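Let me begin by presenting the structure, written as structure tokens, before commenting on it.
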């Protein structure tokens, strides 16, 4: 296990961050290693928290669907810290342990057993956005048929946001 490439800010050691740390702790229950690294830049952590709170708590997506995306992104980007951090949320959102275990193995979306209707299509979107950035029409069409414009924006924003999270974690070796 490698140490983080950026020194974490130990909560309570920088008086100027007290209010920000209190907001993060109140919203998240603790200041995780990710947020301890982010605290090196108050402007970045404030924007990060606002965006990720919107993605996690303010969209119309079902928690299970959101966590499906997050777990898939974490697997594709080799971000085990992110994956493990979201397993409890996936379980709380109604995702069966068998689906979580399957996602850990990085199978083709159409081969994951136990998915709800529409979830394989969301995994295909997640794969396309994460691996290739470009989303082929053949991948998008089934989503267009199932989800409205707001949900399509929320699905796409969730994939994009958690690619940012995983790439930040991996680049700075947070939790590795």
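Numbering (the UniProt record's numbering), first residue to last: 1 to 176.
Where is the CB? At the ideal position from N, CA and C, for every residue including glycine.
Here the structure is a predicted model, which means the values were calculated and not measured.
Residue 52 sits away from residue 45, with the two beta carbons spaced by 8 Å or more. A straight-line Cα-Cα distance of about 15 Å links residue 85 and residue 77. Counting of Cβ neighbours within 10 angstroms places residue 124 among the buried residues, the total reaching 16 or more. Considering only 29, 75 and 35, the residue with the shortest C-alpha distance to residue 10 is 35. Between residue 71 and residue 103 the beta-carbon gap is near 5 Å, inside 8 Å, which marks them as a contact.
Relative to residue 59, the option among 157, 172 and 166 whose CA is nearest is 157. Under the criterion of beta carbons closer than 8 Å, residue 165 and residue 49 do not qualify as touching, at roughly 12 Å.
The stretch 145-162 makes no contact with the stretch 11-23; the number of CB pairs closer than 8 Å stays below 3. When only Cα atoms are considered, residue 138 and residue 128 end up about 11 Å apart. Here residue 126 is buried. Its C-beta has 16 or more other C-beta atoms within 10 Å. Taking the C-beta atoms as reference points, residue 64 is found no nearer than 8 Å to residue 25.
DSSP places residue 153 within a helical segment (H, G or I) once states are collapsed to three. Cβ atoms of residue 5 and residue 115 stay farther apart than 8 Å, at about 36 Å. The beta strand (DSSP E) runs lying completely inside the stretch 38-112 and spanning 3 residues or more number zero. Straight through space, the alpha carbons of residue 12 and residue 75 are spaced by roughly 33 Å. If you draw a 10 Å sphere on the C-beta of residue 146, you find fewer than 16 other C-beta atoms in it, and that means exposed. Remark: C-beta atoms of residue 174 and residue 33 approach each other more closely than 8 Å.
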